[in-house]
Amino acid sequence: MQLDAATPGPAPEETPRPRRRWVVVLVALILWQAVGPLGGALWWVFDEGPLRQQPRDVLTEASPVGAVRVFGDHPGQDVGRAARETVDDLVAAGGLARDVVVVALPTGSGWVDPVQVEAVEAWAGGDVATVSVRYARTPSAVAYLMRPDLAEDSATALLQEVVDRVAGLPETRRPDVVVQGQSLGVAAGTAAVQRLATPGESAVSAQLWQGRPGTVDAPAADRCTVDRVNDDDPVARLDLRLLASPVVAARVLADLPGSASTTPGTRHSYRPVLPPRECLTLNASREFQGSVRG
């Protein structure tokens, strides 16, 4: 099977985001800023209450090509403990015996793009394990504004735990570690790579980023880092500079609703991205089933 990351595929199956839900989120965040002491109650409304997100959890489903999938569903739990328990499950499932381990960093609701997961599994011929942890069930905007450190702390704990377990294996048996994130997962993931106790460039073989928010600096240019941002992605235009241009800000905010439910390769919906084959070290001579084209 030849997989080209530039070829349109089916749209990611994220929970639909109707316009009225975005209005509720924005109004709630304004109220939270005005009444800080009620922040805990407002967080509950989005994380456990009537407005919590319920996306498809692809990593709880069996892989059609025999890849390992592990999903730690631990919203509200200490991030270190959640990471340890999840990686324990990864080890028990034989994930560290695969050639590649993908650390998939989710959006605020815990969503991991099914199309991205399945594309990497097909590319690797099933010789891959994907692991992720859900730390909340909130929309990404809520997680980012109300508890900005939570996503980064969870991502760092999971990535560090995977890197430490891999480092404990004999050198000839260590899988390549690939870190991947979309949207808020990019913000959390790029921070996690920088915070690793072991320098990211030696512990992580490749980084795959899709839909980097405008508030997040671009990662350093590197042949093993894929940073995909659609030209018309409104999330990529969200930054403090919009405060100086209310008209542009209004256009960007108006374009947010539904931007993740469009045709892949447009707005905030992304085609799969794959690790550059020259960046993987374990079985560099193996014929992979896919290729990356920028």
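Everything in the sequence shown is counted per my numbering, starting at 1220 for the first residue and increasing by one. Positions of the beta carbon are idealized from the N, C-alpha and C atoms, including for glycine.
Q. Pick from Arg1303, Ala1343, Leu1403, Arg1275: whose alpha carbon is nearest that of valine 1454?
A. Working through the sequence shown from its first residue, we reach residue 1454 at position 235. Here the closest residue by C-alpha is Leu1403.
Q: Assuming serine 1282 and glutamate 1340 form a contact by the criterion Cβ under 8 Å, report the distance between their Cβ atoms to the nearest whole angstrom.
A: Position 63 of the sequence shown, counted from the start, is the residue given in the question as residue 1282. Position 121 of the sequence shown, counted from the start, is the residue given in the question as residue 1340. With 8 Å as the limit, serine 1282 and glutamate 1340 qualify as a contact, their Cβ atoms being about 6 Å apart.
Q: May I have a chain-ordered list of the alpha helix (DSSP H) segments no shorter than 4 residues that lie completely inside the region 1298-1357?
A: 1298-1311, 1333-1342
Q: Could you check what DSSP says for arginine 1442 in three-state terms: helix, strand or coil?
A: As a first step, residue 1442 is located in the sequence shown; it is residue number 223 there, counting from the start. Coil.
Q: Note the first and the last residue of the continuous alpha helix (DSSP H) segment covering aspartate 1368.
A: Within the sequence shown, residue 1368 is the residue found at index 149, counting from 1. It spans 1367-1386 - the alpha helix (DSSP H) in which aspartate 1368 sits, taken as one unbroken run.
Q.
So valine 1320 and valine 1381 are supposed to be a Cβ contact under 8 Å. How far apart are they, rounded?
A. Position 101 of the sequence shown, counted from the first residue, corresponds to residue 1320. Position 162 of the sequence shown, counted from the first residue, corresponds to residue 1381. Correct: roughly 6 Å between the Cβ atoms.
Q | CA-to-CA distance, glycine 1408 to valine 1398, given in whole angstroms | A | Numbered from 1 along the sequence shown, position 179 holds the residue referred to as residue 1398. Numbered from 1 along the sequence shown, position 189 holds the residue referred to as residue 1408. Going by the C-alpha atoms only, they are around 7 Å apart.
Q) Hey, out of Pro1495, Val1331, Arg1486, Ala1312, whose CA is closest to arginine 1442's CA? A) Along the sequence shown, read from residue 1 onward, the residue named residue 1442 stands at position 223. Measuring from the Cα of arginine 1442, the nearest candidate turns out to be Pro1495.
Q) Excluding sequence positions up to five away, which residues of its chain have a Cβ less than 7 Å from the Cβ of proline 1394? A) Looking up residue 1394 in the sequence shown gives position 175. Excluding positions up to five away in sequence, the list reads Leu1315, Arg1317, Asp1318, Val1319, Val1320, Val1385, Leu1501.
Q | Buried or exposed by the 16-neighbour rule on C-beta atoms within 10 Å, applied to glycine 1295 | A | Taking the sequence shown and counting its residues from 1, one reaches residue 1295 at position 76. Exposed: under 16 other Cβ atoms inside 10 Å.
Q: Take aspartate 1450 as the anchor and find which of Pro1432, Ala1439, Pro1438 has the nearest alpha-carbon.
A: The count along the sequence shown starts at 1 and reaches residue 1450 at position 231. Cα-wise, what sits closest to aspartate 1450 is Pro1432.
Q) Just reading off the alpha helix (DSSP H) that glutamine 1399 is part of, what are its end residues? A) By one-based count along the sequence shown, residue 1399 stands at place 180. Where glutamine 1399 is concerned, there is no enclosing alpha helix (DSSP H), although the beta strand (DSSP E) it sits in stretches over 1395-1401.
**Q.** Residues near valine 1188 by beta carbon distance below 8 Å, same chain, minus five either side
**A.** Any answer about residue 1188 is impossible in this case: the structure gives the chain only from 1220 up to 1513.
Q.
Taking DSSP's pairing of strands, which residues face alanine 1546 in a bridge?
A. Only positions 1220 to 1513 of the chain appear in the structure, and residue 1546 is not among them; the question remains open.
**Q.** Sequence-distant residues of the same chain with beta carbon closer than 6 Å to threonine 1305, five excluded per side
**A.** The sequence position of residue 1305 within the sequence shown is 86, counting from 1. Only Gly1291, Val1352 meet the Cβ criterion.
Q: Determine the burial state of aspartate 1368: buried for a count of at least 16 other Cβ atoms within 10 Å of its Cβ, exposed for fewer.
A: In the sequence shown, residue 1368 corresponds to position 149, counting from 1. It is exposed - the Cβ of aspartate 1368 has fewer than 16 other Cβ atoms within 10 Å.
Q) Going by the beta-carbon positions, is the gap between leucine 1426 and proline 1438 smaller than 8 Å? A) Walking along the sequence shown from the start, residue 1426 turns up at place 207. Walking along the sequence shown from the start, residue 1438 turns up at place 219. Checking the sequence, you will find glutamine at residue 1426 rather than leucine. Yes, these two residues count as a Cβ contact at 8 Å.
Q: Could you tell me the boundaries of the beta strand (DSSP E) in which valine 1277 lies?
A: The count along the sequence shown starts at 1 and reaches residue 1277 at position 58. Premise fails: valine 1277 is in no beta strand (DSSP E) and is neither H nor E.
Q | Bridge-paired residues (DSSP) for alanine 1425 | A | Against the sequence shown, residue 1425 aligns to sequence position 206. DSSP lists Val1397 as partners of alanine 1425.
Q. Per DSSP, which one or two residues make a beta bridge with threonine 1485?
A. Start at 1 with the first residue of the sequence shown, and residue 1485 comes out as number 266. Its beta-bridge partners are Ser1488.
**Q.** Residue nearest to aspartate 1307 in terms of C-alpha spacing, selected from Pro1325, Ala1416, Val1350, Glu1497
**A.** Residue numbering aside, residue 1307 sits at position 88 when the sequence shown is read from its first letter. If we check each option's Cα against that of aspartate 1307, Val1350 comes out closest.
Q | For arginine 1431, three-class secondary structure by DSSP | A | Numbered from its first residue, the sequence shown carries residue 1431 at position 212. Coil, per DSSP.
Q. In three-state terms, what does DSSP make of valine 1448?
A. To locate residue 1448, count along the sequence shown from 1; it is residue 229. Correct three-state label for valine 1448: coil.
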